[in-house]
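Student: Here the protein sequences line up with chains A and B, keeping their order. Be aware that the first sequence starts at 14, since it is given in the working numbering, and climbs by one per residue. Be aware that the second sequence starts at -4, since it is given in the working numbering, and climbs by one per residue. Heads up, the beta-carbon is just placed ideally off N, CA and C, and yes, glycines get one too. Next up is a structure, given as structure tokens.
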Amino acid sequence: MIIKSLDPRITRAGIDDESKDGTQQPLDQWHTYEVFQQKKRGTHHVHVGSLHAPDAELAILFAKEQYARRGQCVNLWVVKTADVFATEYEDEDIFATTPEKKYREPEVYKVMDRIQAFKAKQNS
Amino acid sequence: MELTERHVEGLKELLYKMADDLLILGHRNSEWTGLGPVLEEDIAFSSMAQDKLGQSLALYELLHELGENIPDIVAFTRNDNQFHNCHLVEMPIGEYDFSLARHFFFDHADAIRFAMLENSSFEGISMVSRKFRGEIKYHTMHADVWMKQLSHGTEESKARMQSAINAAFPLALGIFEEGEYEAELKEAGIFEGEAALKNQWLEKVNNELKKHGYTLPDADDVTPALGGRKGFHTEHLQPLLNEMSEVFQIDPGADW
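Here you go:
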């Protein structure tokens, strides 16, 4: 049976609904690439998603339309997913106590009162 | 310089053929949407098809400023003999190799044409040309990358691209069919003309194809597909127009 569709293009294509076309062969399997987008010069590239491509050149070409069609973009990176090394989720506990270590962040230093006192002294 | 009536007619002829090429090819290329070879390429190709519709709209708007009807009416209510597109853009999408060869030939011509028009004395077209420069640059990048990739894919990919190049080339030469007002357009500094465009294009596509081991047929050995610019079309255009305007015709007065 030939597939009849509301979409005239599908009907025109004369596709046999028993057809085995479209089953994937090993050669069809492209790599995946991770895409990083930079919105403004000088800012960090941010991971925006992934895509399939046979090589980096086509990955860049596809990334432009998939991730940078709308909104601002000045630069794109693509990295083969296989080249990304990651921690294991089972080791997630190595990060367990980091949210407690606020004292490592400069904004919580308890020096503001001394700075204010110093400024007051300078101005007097 | 003061534009005479013949200058304005020439300008309209130029804008019509450019806009019609972009509208028809945009529609043709959109026929791949959902049917493209892989998802990522489907998105990119569909996106470029949309770009072409946007570019055609900008040109129909310039025509409207010159006194022609509004873009929707111009796009959806003419018959094939009132269209000025070349035969290349109206041919069915065929296999993907043909669509890519057409994309390569057309978009390089389009890129050069718009680049020439950036310096046009007609401000409307020079502004539109500058606006779309980046968009069109991506289109030619896309076409070039596929030409390159398929040249070193498999023996089949290279052979199929070469035969698609051979099939599309005589059609592509129809892009440069001269109009009635070439001299006027040149004289007024509006457009350097189809002959100048064709020479630049031949050099560009020849160099690009040679890099990847393809052969461009000799332009003197083939018969260019002419007539489109004068409203003579193949049997493929009218069915396309019927399908394209189907929704519009249901209720031409509808407010979108």
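Considering only residues of the segment 35 to 95 of chain A, which uninterrupted alpha helix (DSSP H) runs meet the minimum length of 4 residues and lie entirely inside it, listed in chain order?
Tutor: Runs of the alpha helix (DSSP H) inside the segment 35 to 95 of chain A: 69 to 80.
Student: Which of helix, strand or coil does DSSP assign to ILE5 of chain A?
Tutor: No answer is possible for residue 5 of chain A: it lies beyond the span of chain A, which begins at 14 and ends at 137.
Student: Regarding SER146 of chain B and the ligand ZN, is the C-beta to nearest heavy atom distance less than 6 Å?
Tutor: Of ligands this structure carries none, so the ligand ZN is not represented either.
Student: Could you tell me which chain A residues have their CB closer than 7 Å to the CB of GLN253 of chain B, listed as they occur along the chain?
Tutor: Residue 253 of chain B is absent from the structure shown; chain B starts at -4 and stops at 251.
Student: Looking at VAL254 of chain B: is its Cβ nearer than 7 Å to the Cβ of ILE160 of chain B?
Tutor: Because chain B spans -4 through 251 in this model, residue 254 of chain B falls outside it and cannot be assessed.
Student: Which bits of chain A does GLU35 of chain B rub up against, with CB to CB less than 7 Å?
Tutor: The residue labelled residue 35 of chain B in the question sits at position 40 within the second sequence. LEU64, HIS65, ALA66, PHE75, GLN79, listed in chain order.
Student: When the Cβ atoms of the segment 206 to 215 of chain B are set against those of the segment 39 to 51 of chain B, are three or more pairs found closer than 8 Å?
Tutor: Because the criterion of three Cβ pairs below 8 Å is not met, the segment 206 to 215 of chain B and the segment 39 to 51 of chain B do not touch.
Student: Could you pull out every unbroken beta strand (DSSP E) segment of at least 3 residues lying fully inside the segment 213 to 241 of chain B, listed in chain order?
Tutor: Runs found: none.
Student: So with CB distances below 9 Å, who are the chain A contacts of HIS137 of chain B?
Tutor: Working through the second sequence from its first residue, we reach residue 137 of chain B at position 142. Per Cβ cutoff of 9 Å: LEU74, LYS77, GLU78.
Student: Give the residues from the segment 160 to 187 of chain B that approach chain A closer than 8 Å (Cβ to any Cβ), ordered along the chain.
Tutor: If the cut-off is 8 Å between Cβ atoms, the segment 160 to 187 of chain B has nothing near chain A.
Student: So which residues of chain B does ARG127 of chain A contact, with C-beta pairs closer than 9 Å?
Tutor: In the first sequence, the residue the question calls residue 127 of chain A occupies position 114. Per Cβ cutoff of 9 Å: no residues; ARG127 of chain A is ~54 Å from chain B at best.
Student: Beta-carbon of ARG54 of chain A versus every beta-carbon of chain B: anything under 7 Å?
Tutor: As a first step, residue 54 of chain A is located in the first sequence; it is residue number 41 there, counting from the start. For ARG54 of chain A, the answer is no, since every Cβ of chain B falls outside 7 Å of its Cβ.
Student: List, in order along the chain, the chain A residues whose C-beta lies closer than 9 Å to that of VAL84 of chain B?
Tutor: Counting from 1 along the second sequence, the entry for residue 84 of chain B is found at position 89. The contacting residues do not exist; VAL84 of chain B stays about 17 Å from chain A at best.
Student: Does the separation of the CB atoms of GLU35 of chain B and PHE75 of chain A fall below 7 Å?
Tutor: Within the second sequence, the letter at position 40 stands for residue 35 of chain B. Within the first sequence, the letter at position 62 stands for residue 75 of chain A. A contact, by the Cβ cut-off of 7 Å.
Student: Distance check for ALA183 of chain B and GLU238 of chain B, CA to CA, integer angstroms please.
Tutor: Residue mapping note: residue 238 of chain B aligns to position 243 of the second sequence, counting from 1. Residue mapping note: residue 183 of chain B aligns to position 188 of the second sequence, counting from 1. If you take the alpha carbons of GLU238 of chain B and ALA183 of chain B, they lie about 39 Å apart.
Student: Taking DSSP as the reference, what is the three-state secondary structure of ASP246 of chain B?
Tutor: To locate residue 246 of chain B, count along the second sequence from 1; it is residue 251. Coil, per DSSP.
Student: Grouping DSSP H, G and I as helix and E and B as strand, with all else coil, what is ASP15 of chain B?
Tutor: Looking up residue 15 of chain B in the second sequence gives position 20. DSSP places ASP15 of chain B in helix when its eight states are reduced to three.
Student: Taking the alpha carbon of ASN194 of chain B as the point to measure from, which residue in B:PHE127, B:GLY222, B:GLU172, B:HIS137 has its own alpha carbon closest?
Tutor: Walking along the second sequence from the start, residue 194 of chain B turns up at place 199. Residue B:GLU172 is the option with its Cα nearest to ASN194 of chain B.
Student: Considering only the alpha carbon of each residue, which of B:LEU54, B:THR72, B:SER121 lies closest to GLU241 of chain B?
Tutor: Looking up residue 241 of chain B in the second sequence gives position 246. Checking every option, the nearest Cα to that of GLU241 of chain B belongs to B:THR72.
Student: Output needed in chain order: residues of the segment 210 to 243 of chain B with a Cβ under 8 Å from some Cβ in chain A.
Tutor: Residues passing the 8 Å Cβ filter: GLU238.
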